[in-house]
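Below is one structure, written out as structure tokens; comments come after it.
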Amino acid sequence: MGLDVESRRVVEVEEGGTVEELVVNVGPSHPSTHGVCRVIAHLDSEIVTKAEPVIGHLHRGIEKMAENRTYLQVVPLTDRLDYVGSMYANWAYCRAVERLASIRVPDRAEYLRVIVCEMQRIASHMMAIGSAGADSGAVTQFVYAFDQRERIIEHFEELCGARLTYNYVRPGGVSHDLPEGWIESLLAFCESHRKGLDMMDKLFFGNVIARGRMKGVGVLSAEEAVAWGASGPVARGSGVEWDLRKHDPYSVYPRLDFEVPIGSNGDCYDRGRVRLLECYESCSIIEQAIAQLEPGAIMADGVPRLLAPLPGDAYDHIESARGSLGVYLVSDGSPRPYRMKVRSPAFCNLALLPMLAEGHLLSDLVVILGSLDPVFGEVDR
Amino acid sequence: MAIVDRLGEKLDGGRGGSVILTSVDALLDYCRGKSLWAMPMGTACCAMELIAASFSKFDFDRHGTIPFFDPRHTDVMIVAGTITHKMAPVIKRLYEQMADPKWVIAMGNCAVSGGIFYYDTYSVVRGVDEILPVDVHIAGCPPRPESLQDGVLRLREIIATESIAPGHKRKGAFTLPRDAAEGDGE
Amino acid sequence: MKITDLRDHLCQVYPDLCPLFSIEFGDGVLAVPCGNLFDAASDLRDLGFDRLGMVTAVDQAEEFELVYRLQSRSMLAGIFLKCSVPRENPRVKSLVDLWPAALWQEREVFDLFGIVFDGHPDLRRIMLPEDWEGHPLRKDYRDERMIRRPDYI
């Protein structure tokens with residue numbers, strides 16, 4: 000597809016005769032596409048008759064690069080996949096490596112991974128909820144949500160020195176133990192975060208304009224969600240009970256008590272609200288994990304710098320903020336992966352866009368795209 | 000310090016009363032430098048820091064830099080993130096749509112040189128230099144929002160040396176004579 | 000569901016698939032000839048594997064190994080479905096009719112590996128520009144713009 004699209008097209012309709020169709024090009028540099036997505040929207044007056052996403056503007060070839068790097072050197076690359084939630088890709092990759100090399104991770108490291116990943120879930124959902132506000136015209140919501148996100152980023156910065164690309168989870172454990180006073184400040188954050196969530200719930204999800212913009216828009220049925228491979232809040236918003244933390248439990252999640260919020264209508268509103276409710280659960284998981292945290296090693300013994308697992312392939316997946324994030328690794332016995340494949344939840348969720356957007360207003364296309372919460376580092380890889 | 004920076008003092012008690020003499024260059028550079036509207040060309044991870052820089056904690060607006068998504072209204076393009084061969088023509092076209100005078104900031108290692116995506120990849124353009132003339136490079140993966148703000152202030156220094164005469168660069172911003180500048184305060 | 004229970008269940012319902020089943024790194028793997036891929040996938044879907052998680056391929060020098068990851072919500076289990084297609088003229092039947100999730104994932108495999116999926120309604124490049132030459136995730140892909148990373152870094 001070239002840069003230019005035909006702006007008007009004459010199409011024949013079933014009843015006979017022709018209508019003129021307007022073709023609008025949205026993106027790839029557009030504030031509401033959440034990155035570098037391009038959507039070619041065919042319009043009948045203001046109704047979208049066909050929306051065709053064009054992705055790949057951020058295809059960086061990470062899977063190819065991984066083939067010429069050692070197992071440890073791939074970890075920083077996984078940071079750049081899902082840049083709103085870097086910890087997840089770190090963790091999914093490390094789990095696949097650990098499975099391949101049969102490394103057992105110490106308990107404390109598992110708890111630290113759970114804590115940082117639940118923090119990351121809050122940070123990522125704040126971005127999604129905030130941009131849902133910005134997409135539907137409520138920029139104030141974005142500012143409030145970003146404020147909450149910024150506080151988590153500060154904690155991450157104290158923990159591992161980076162604001163965005165953490166490289167924290169490593170094969171065998173994590174890179175740093177907790178700094179002094181970090182837990183207290185995190186608990187204080189959880190307390191204040193709940194108040195922030197209450198406020199956002201009333202301010203945004205209770206707002207009549209926001210409800211009007213999001214209720215009944217982009218409805219996804221449960222059957223479609225399963226058939227299209229949707230996962231994460233997109234599937235759960237449609238009432239599909241599918242959360243790997245519960246349904247394929249990994250790490251220490253079986254020892255933690257939490258609910259999985261489920262929506263019922265499968266519209267943009269439910270997808271957004273499921274994210275908000277998940278943040279409450281994440282706060283509770285963080286508090287439980289901190290209560291169960293015991294001193295100990297943060298890195299497995301005897302993990303060599305130059306890992307060379309036996310030939311074979313391994314797949315492992317975790318529940319990221321966007322859904323089931325899987326990493327498939329093939330080893331040929333050398334210190335470099337023979338093949339790495341990232342199963343990206345955002346990629347599968349974004350494939351729903353043409354179906355969801357059809358028959359809605361052009362302005363709703365933006366809301367629907369936002370409710371799928373794509374991150375293009377992960378979609379395009 | 001440019002004359003215009005001390006405009007208030009000059010107007011209040013200067014010998015010329017409310018009349019001040021300066022050059023067109025100095026006045027234009029002053030105005031351009033202090034109201035840089037930015038086209039946020041955020042493609043990847045750095046875009047997150049670009050957003051963070053505009054929000055409450057870092058508050059980009061206080062430098063007069065407002066992110067605005069229309070290339071025709073903006074002065075500086077902040078290229079934040081990896082540029083792929085598929086994205087490069089889009090960036091080039093958006094740059095061409097911007098009105099002169101225009102500047103480019105390359106934010107982050109990917110936009111500077113390809114960064115972590117320099118080797119072994121088939122689809123990444125190694126630095127925005129290959130397609131656009133870059134004025135300020137900001138290193139970091141990703142750079143902190145403070146670095147970005149520092150980059151914008153550096154760009155302002157560059158703008159202060161520009162001249163409307165084609166091909167002419169001023170040595171530095173016009174300054175007040177030393178005695179006049181110091182004498183004003185007494 | 001435990002992986003051994005899954006094997007028993009599979010052998011009970013589809014005895015002809017049973018000898019193709021193996022366990023690697025705790026995951027069930029069903030390796031089928033590519034001609035039977037669609038039928039095997041259809042059987043597995045009827046067995047309860049209702050989600051197509053991942054479609055990918057691995058370049059194994061002489062041939063491409065196609066890897067499908069299926070997930071079952073009712074059995075809480077996952078399984079790999081694998082088949083090998085020859086390097087020359089790689090073609091395989093598309094699974095779009097079973098799971099629409101394959102629509103984009105097969106396009107990605109087509110784009111990066113050049114494997115043609117018969118019956119796919121919209122088989123175009125998805126990641127790379129349409130005028131791109133070659134399929135970069137093949138091991139023999141060469142591109143003059145690509146700089147090989149030296150071993151000492």
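Chains as they are written, first to last, in numbering that gives the first Met the number 0: chain A, 0 to 380; chain B, 0 to 185; chain C, 0 to 152.
Glycine residues also receive a C-beta, built at the ideal position from the N, C-alpha and C atoms.
Exercise. If you compare alpha carbons, which of Ile61(A), Val10(A), His56(A) and Lys63(A) is closest to Thr48(A)?
Worked result: The alpha carbon of Thr48(A) has as its nearest neighbour, out of Ile61(A), Val10(A), His56(A) and Lys63(A), the alpha carbon of Val10(A).
Problem set entry | Cβ shell of Trp90(A) (< 8 Å), same chain only, five flanking positions each side left out | Taking C-beta separations shorter than 8 Å and ignoring five residues to either side along the sequence, the partners of Trp90(A) in its chain run Arg112, Cys116, Val168 and Ile317, following chain order.
Exercise. Could one say the Cβ of Cys30(B) lies closer than 7 Å to chain A's Cβ atoms, at least one of them?
Worked result: Output row for Cys30(B): interface = no.
Problem set entry | Residues that Leu57(A) contacts on chain B, provided the C-beta gap is smaller than 8 Å | Here the neighbours are Thr42, Ala43, Gly80, Thr81, Thr83 and Met86.
For this session: Compare the beta carbon distance of Ile297(A) and Ala100(A) with 7 Å and say whether it is the shorter of the two.
Result: Inclusion of Ile297(A) and Ala100(A) in the CB contact set at 7 Å is not warranted, their separation being larger than that value.
Problem set entry | the stretch 26-58 of chain C: positions lying closer than 8 Å to chain A by Cβ | Of all residues in the stretch 26-58 of chain C, the ones placed with a Cβ closer than 8 Å to any Cβ belonging to chain A are Asp26, Asp49, Arg50, Leu51, Gly52, Met53, Thr55, Val57 and Asp58, in chain order.
For this session: Below 6 Å CB to CB, which residues in the same chain sit around Ala161(A) once its five sequence neighbours on both sides are set aside?
Result: Closer than 6 Å at the Cβ level, and outside the excluded window around Ala161(A), lies no residue.
Exercise. Anyone know if the C-beta pair for Gln140(A) and Phe203(A) falls short of 7 Å?
Worked result: Yes, these two residues count as a Cβ contact at 7 Å.
Exercise. Counting Cβ pairs closer than 8 Å, one from the stretch 63-81 of chain B and one from the stretch 35-44 of chain B, do we hit at least three?
Worked result: With three or more CB-CB distances shorter than 8 Å, the stretch 63-81 of chain B counts as touching the stretch 35-44 of chain B.
Exercise. To which residues of the same chain is Arg177(B) closer than 6 Å at the C-beta, ignoring the five residues directly before and after it?
Worked result: Residue confidence is low: Arg177(B) scores 45 on pLDDT, short of 50, so the model does not pin down where it sits. Its coordinate-derived value is still stated next. When the five nearest sequence neighbours on each side are left out, no beta carbon in the same chain lies closer than 6 Å to the beta carbon of Arg177(B).
Exercise. Which residue or residues does DSSP assign as beta-bridge partners of Thr158(C)?
Worked result: Outside the displayed span of chain C (0 to 152) sits residue 158(C), for which this structure offers no information.
For this session: To the nearest angstrom, report how far apart Ile114(C) and Leu276(A) are at their CA atoms.
Result: Each residue's Cα considered, the two are about 42 Å apart.
Exercise. Would you report the Cα separation of Met125(A) and Met199(A), rounded to the nearest angstrom?
Worked result: CA-to-CA, the gap between Met125(A) and Met199(A) works out to about 10 Å.
Exercise. Exposed or buried, which one is Val216(A) when buried takes at least 16 other CB atoms within 10 Å?
Worked result: So Val216(A) counts as buried.
Problem set entry | Host alpha helix (DSSP H) of His154(A) (start-end) | Per DSSP, the unbroken alpha helix (DSSP H) holding His154(A) starts and ends at Val138 to Cys159.
For this session: Measure the C-alpha to C-alpha separation of Ser55(B) and Glu190(A) and round it to an integer number of angstroms.
Result: So the alpha carbons of these two residues sit roughly 21 Å apart.
Exercise. Beta-carbon of Asp128(B) versus every beta-carbon of chain C: anything under 7 Å?
Worked result: Taking CB atoms only, Asp128(B) has no neighbour in chain C less than 7 Å away.
Problem set entry | Rounded straight-line distance, which links the Cα of Ile182(A) to that of Ala290(A) | One Cα belongs to Ala290(A), the other to Ile182(A), and the distance between them is close to 10 Å.
Exercise. Alpha carbon to alpha carbon, how far is Gly231(A) from Val259(A)?
Worked result: Taking the straight line from one Cα to the other gives about 10 Å.
Exercise. Where does the unbroken beta strand (DSSP E) through Trp131(C) begin, and where does it stop?
Worked result: Trp131(C) -> no beta strand (DSSP E), and no H or E assigned at all.
Exercise. Cβ of His246(A) less than 7 Å from any chain C Cβ?
Worked result: Taking CB atoms only, His246(A) has a neighbour in chain C less than 7 Å away.
Exercise. Using CA coordinates, which residue listed in Asp146(A), Met64(A), Ala122(A) and Leu185(A) is at the minimum distance from Phe57(B)?
Worked result: A check of alpha carbon separations from Phe57(B) across Asp146(A), Met64(A), Ala122(A) and Leu185(A) identifies Asp146(A) as the nearest.
Exercise. Going straight from the alpha carbon of Tyr13(C) to that of Asp42(C), what length do you get?
Worked result: Approximately 8 Å, taken between the alpha carbons.
Exercise. Hey, is Leu42(A) close to the ligand FAD, as in C-beta under 6 Å from one of its heavy atoms?
Worked result: Of the ligands one can find in the structure shown there are none, so the ligand FAD has no counterpart to examine.
For this session: Taking Val31(C) as part of the beta strand (DSSP E), name the residues at either end of that continuous run.
Result: Boundaries cannot be given for Val31(C), as no beta strand (DSSP E) includes it and DSSP labels it neither H nor E.
Exercise. Does any residue of chain B bring its CB to less than 7 Å from the CB of Arg79(A)?
Worked result: It does; some Cβ of chain B falls within 7 Å.
Exercise. Is Pro132(B) close to chain A, meaning its C-beta is less than 7 Å from at least one C-beta of that chain?
Worked result: No, Pro132(B) does not count as interfacial toward chain A.
Exercise. Using the beta-carbon of each residue, which ones in chain B are nearer than 9 Å to Ser28(A)?
Worked result: Within 9 Å Cβ-Cβ: Met38, Pro39, Met40, Gly41, Thr42, Phe68, Pro70, Met86, Val89, Ile90 and Leu93.
For this session: Output the distance between the C-alpha atoms of Phe109(C) and Phe79(C), rounded to the nearest integer angstrom.
Result: Whole-angstrom Cα-Cα distance: 20 Å.
Exercise. Do you know whose CA, among Cys45(B), Ile163(B) and Ser53(B), lies nearest Val78(B)'s CA?
Worked result: When C-alpha distances from Val78(B) are compared across Cys45(B), Ile163(B) and Ser53(B), the shortest belongs to Cys45(B).
Exercise. For the stretch 337-353 of chain A against the stretch 252-272 of chain A, are there 3 or more C-beta pairs whose distance is under 8 Å?
Worked result: With a cut-off of 8 Å, the stretch 252-272 of chain A and the stretch 337-353 of chain A do not count as touching, because too few Cβ pairs lie within range.
Exercise. Nearest-angstrom Cα distance between Pro310(A) and Ile157(B)?
Worked result: When rounded, the separation of the alpha-carbon atoms in Pro310(A) and Ile157(B) is 56 Å.
Problem set entry | Ranges of the beta strand (DSSP E) found wholly within the stretch 275-353 of chain A, counting only runs of at least 3 | Every beta strand (DSSP E) stretch that sits fully inside the stretch 275-353 of chain A and reaches 3 residues is listed by chain position as 311-319, 322-330 and 338-342.
Problem set entry | Cβ-Cβ distance between Ala288(A) and Tyr110(A) below 7 Å | Against a cut-off of 7 Å, the Cβ pair of Tyr110(A) and Ala288(A) comes out as a contact.
For this session: Measure the C-alpha to C-alpha separation of Ile2(C) and Leu69(C) and round it to an integer number of angstroms.
Result: Near 14 Å, if we compare the C-alpha coordinates of Leu69(C) and Ile2(C).
Exercise. On the premise that Leu306(A) lies in contact with Tyr70(A), defined as a C-beta separation below 8 Å, what is that separation, rounded to the nearest angstrom?
Worked result: At roughly 4 Å, the Cβ-Cβ gap stays under 8 Å, so Tyr70(A) and Leu306(A) are in contact.
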